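Counting from 53, one number per residue, gives the positions in the sequence shown under the numbering used here. Only one structure is covered here, and it is reproduced in the block below.
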Amino acid sequence: MGNPMGRKLTRRRANEYRGDRMAGLHPSTPRHSPLAYYHCFMGNGIDAVLIGPTGSMVADKAHGLERCYWYKSDRYYPEAKLVNVVPNRRPPEKPLPRLPGYPWCELAPLGHTWYEIHLDGRRLELRSSSQRFVPEEGILYTEADYGSVKARIITFLHAQEPLLVEHYEFNQEVEFKAFFAPGVWWEEDYETEPFTALVFSEGPECLCRLGAIRVYQALALDSTPDAQGRDGKTIWLAKRCRSVTKYYTVVDDKYEPLNTELITKAREQGYDELRRRHITFWSGYFSDFNVRIPDPDFDRFYKFSYYLFKAAQNPVSGGLPVNNLRLTWSSHVFWDSFFIHRALLEAGRTAEALEACRFLQRTVPAARKHAQEDFGSAGLKWDWELTHRGQRAYGTYVHLKEQVHNNAAYSNQIWQYYRFTGDAAFLEEFFPILEGIARFFLEWVVEEGEQGCGIRPLIGVDEHPLRRRNEGMTLAGVIRAFKNLVAAARVLGKDSTFLHHCEAMIARLMRVLDGLYGPGTAASRPYFWAAKDYDHLNMSSLAPIYPMELYPYDDARAISTAKAYLERYEGRMIGHGESEDGFPWSAGVLATILAHQGEADIAWQIISRTRPALCQYGGVAETVYENGGWNMQYFGTAHGALCTAINSLLVQERGEEIRLFPAIPSSWDGASFKGLLCNGLLISADSDDSRVCVRNITPIRRRKLIRIGRKILEADLKPAEESIWKL
């Protein structure tokens, strides 16, 4: 993923699949529901699964897009086994083009598990089901109707183990058959077998090879099965029962020695203990923060989003991918991580935010090598689409390396971590990264021309293979990276000739950015053009306002640009500017801007119009086509941007003030939040009882004015000190 213009080149290939999007739906799928069915995502940072309407995996493609599989972050098809990539990454050439040394890094579907219920010698079919996912528990609850047999299923992917647990209770005794198979359900198009070797033993297990990685898979029930067997690559266990627990594991030796005893230990611990540990993990994660939104759909969305952020973050690398599903860009890291990182900080999830910064620290050698070898430049430059080792993760789109605004986003992640936490020791530790990014920008991206300095022609946010000079997102990002470095140096008391060069360049480039504002053909009012000599109105037009925050939100140019963008999509879901499709990520960015401009009702309207992008569990699509179809689900970037928009309705920093409930929509009957973080202060408040709690999480004394309505509170707090006001 990674691109608000929707990966224009590959999108053309994806469009061919739109007509098939409603094929393969399960009978229980509500075809016309605003909150349509999609398989349920669950993850633990490394492992990711999709669970169907049965409470287990199914072969049906949700919305014609995605079957249920087990994936692992950063575990890709061996290049020799990869026949094709998913439609949203697919180039027009056939067969799939390759560049030596640049694999496509496409997530491998490692395996799948399912079950059958038999009664009186015949297999029963699912008639309908109702499901509820509880993010605070990380558990999917399913009520399944098999006619005369009713089932209650509790499903969870363990938070700390590569273990899928499914607990079943039936209203009568049945013959339960559990299955698993390595690889794909069947080979079709881009879903092909990933393994270079596959060996079965006599038990319900197998050993696979994913190139150099060994993979072990096993299936078990909580009691001895009555029968077991194997048909081809499918392994099954059978048991007559009214209650049963099924365990399925996929482990490998990528990070640690192969653990073939996990499923045995899981049986020894038992379902109750496994569930207790799992709930303890997720309830602990959610215990410090919560937001109450008086809209059930977006309340569900908000909670699921924060589950997704944790469930997708790789605990080894720290990387924040779009998500760990194959359609969500195969667990790769882009500039999108900024939006997830921002949402995590706003909710006080500083540990996760710090790990995302450590991903940059861990991949510095790759960034330095990329700058030197591909650009002949000093400094640091991360490639556009990254594996969790910091290496290039795309095959043939060599123009993508000339997108550089991702590096500005990474600079922003570091600076905003300091802004939210006040941790000067962190800033000292990460200062070399801020400096390295700025050095690459100054040496290779900024150029002097006949008309003065500017940004060299580069690939813009739309990802067209057409290089544009002074492209808005890149220009704003370079300025922001210089400002971050200069501000950090002031905090740390550093000085150098290079810093002075960067500071001087800020003023010069701001004049160039000012020059992008003016009347154009895309709107009836002035706005920031997408680039020099390119008067399109797109995400580059919003970038100087947010996420780069180079102009105050109440600046006349910011207000006019926001209104122009709003008019561009009047009466419908906001898009990215280059098409008529809805794009929830862009909606989140625009709603954030409007919330800070005091336009509460309009901001909420923009958020609300993304409702057709939501699935029943609270996931959100990257794109909603004009025909109402989705291109994927559980798109982490849109989750992050929309959460920031919602948080901006509740808390804002304005100069020396922190404002609580500054943009509450008139349709809301109140709101409350616990543990939102702003400028080093962790705040909880309720608009109904006017109770405010503020705690200083920074290592220094914090003085701030807290405004709630017309009342102003004076917070003067030592480190870890807390104050509570009842208004």
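Yeah, the Cβ is synthetic: ideal placement off N, Cα and C, and Gly gets one too. No experiment lies behind these values; they were computed from the predicted model shown.
Alpha carbon of Y669 to alpha carbon of E523, nearest angstrom: Spanning the two alpha carbons is a distance of roughly 38 Å.
Whole alpha helix (DSSP H) elements within the stretch 297–370, 4-residue minimum: For the stretch 297–370, whole alpha helix (DSSP H) runs of length 4 or above, ordered along the chain, are 314–321, 323–338, 348–364.
Buried/exposed call for D324, threshold 16 Cβ in 10 Å: So D324 counts as exposed.
Three-way DSSP call (helix, strand, coil) for Q413 in this model: In the three-state scheme derived from DSSP, where H, G and I count as helix and E and B as strand, Q413 is classed as helix.
Backbone secondary structure at F725 - three-state DSSP: Per DSSP, reduced to three states, the secondary structure at F725 is strand.
Element boundaries [beta strand (DSSP E), containing M94]: 92–95 is the span of the beta strand (DSSP E), which, as asked, contains M94.
Coil, strand or helix - K763 by DSSP: Correct three-state label for K763: strand.
Cut-off 6 Å between Cβ atoms - residues of its own chain near R759, not counting five sequence neighbours on either side: The beta carbon of R759 lies closer than 6 Å to those of E709, R711 in the same chain, with the five residues before and after it left out.
Three or more C-beta pairs below 8 Å linking the stretch 262–278 and the stretch 142–150: Segments in contact, no.
Y12 (DSSP reduced to helix, strand or coil): Residue 12 falls outside the range modelled here, since the chain spans only 53 to 779, and no answer is possible.
N- and C-terminal bounds of the beta strand (DSSP E) containing F391: Taken as a continuous stretch (DSSP letters only), F391 belongs to no beta strand (DSSP E), being part of the alpha helix (DSSP H) at 389–398.
Selected residue, minimal CA-CA separation from N464, among W434, A445, G529: That would be G529, whose Cα lies nearest to the Cα of N464.
Residue span of the alpha helix (DSSP H) that contains S660, given as start and end: 652–660 is the extent of the alpha helix (DSSP H) around S660.
For Q424, the nearest candidate out of E495, L162, T402 (CA to CA): From the listed residues E495, L162, T402, the smallest Cα separation to Q424 is found for E495.
Candidates D274, T312, L701, Y446, of which the one nearest V641 by Cα: Comparing Cα positions, the closest option is L701.
Pairwise C-alpha distance: L438 and V385: The alpha-carbon atoms of V385 and L438 are separated by roughly 5 Å.
Burial state of M57, where buried means 16 or more other Cβ atoms lie within 10 Å: With a pLDDT of 30 at M57, under the threshold of 50, the modelled position of that residue is not reliable, and the figure given next carries that caveat. M57 comes out buried.
Short Cβ contact (7 Å threshold) for S389 with L406: Their beta carbons are not under 7 Å apart, which means S389 does not touch L406 by this criterion.
Cα-Cα separation between F725 and V343, rounded to whole angstroms: Looking at the backbone, the Cα of F725 and that of V343 are separated by about 4 Å.
Beta-carbon contacts of P714 that lie in its chain and below 6 Å, excluding the five residues immediately before and after: Close CB contacts of P714 within its chain, under the 6 Å cut and outside five residues either way in sequence, are with Q704 (chain order).
Beta bridge counterpart(s) of H164 as assigned by DSSP: DSSP, once it has assigned bridges, lists A233 as partnering H164.
Bounding residues of the beta strand (DSSP E) (the contiguous stretch that carries C695): Here C695 belongs to no beta strand (DSSP E); instead the alpha helix (DSSP H) covers 688–702.
Continuous alpha helix (DSSP H) stretch holding E500: start and end: Unbroken run through E500 is the beta strand (DSSP E), 498–501; no alpha helix (DSSP H).
Helix, strand or coil at N140 [DSSP, three-state]: N140 sits in a helix when the DSSP states are folded into three classes.
Own chain, CB closer than 8 Å to D52, minus 5 neighbours either side, in chain order: Shown here, the chain extends from 53 to 779; a query on residue 52 therefore has no answer.
Pairwise C-alpha distance: E454 and P155: Straight across, the Cα-Cα distance linking P155 with E454 is about 18 Å.
K453 (DSSP reduced to helix, strand or coil): Note: K453 maps to helix in three-state DSSP.
Spatial neighbours of F228 in its chain, beta-carbon cut-off 6 Å, leaving aside the 5 residues before and after: Excluding residues within five positions, the ones whose Cβ falls inside 6 Å are K291, C293, V296.
Reference R762; option with closest CA among S739, G692, Y621, Y121: Proximity to R762 across S739, G692, Y621, Y121 peaks at S739, based on C-alpha coordinates.
Spatial distance of L765 from L757 (CA atoms): Whole-angstrom Cα-Cα distance: 6 Å.
Nearest to S357 (by Cα), restricted to the options D241, L561, M94: It is M94 whose Cα lies nearest to the Cα of S357.
Short Cβ contact (7 Å threshold) for R127 with A160: Contact flag set, yes.
Cβ neighbours of R179 in the same chain (closer than 7 Å, five flanking residues each side left out): Non-local beta-carbon contacts of R179 in its own chain, meaning distances under 7 Å to residues more than five positions away in sequence, involve D197, Y198, G199 in chain order.
Given 8 Å, three or more beta-carbon pairs between the stretch 212–230 and the stretch 95–103: Yes, they touch.
Contact the stretch 336–351 vs the stretch 672–679: 3+ CB pairs below 8 Å: No, because fewer than three Cβ pairs between the stretch 336–351 and the stretch 672–679 fall closer than 8 Å, the two stretches do not touch.
C258: first and last residue of the uninterrupted alpha helix (DSSP H) it sits in: Not the alpha helix (DSSP H): C258 falls in the beta strand (DSSP E), residues 257–262.
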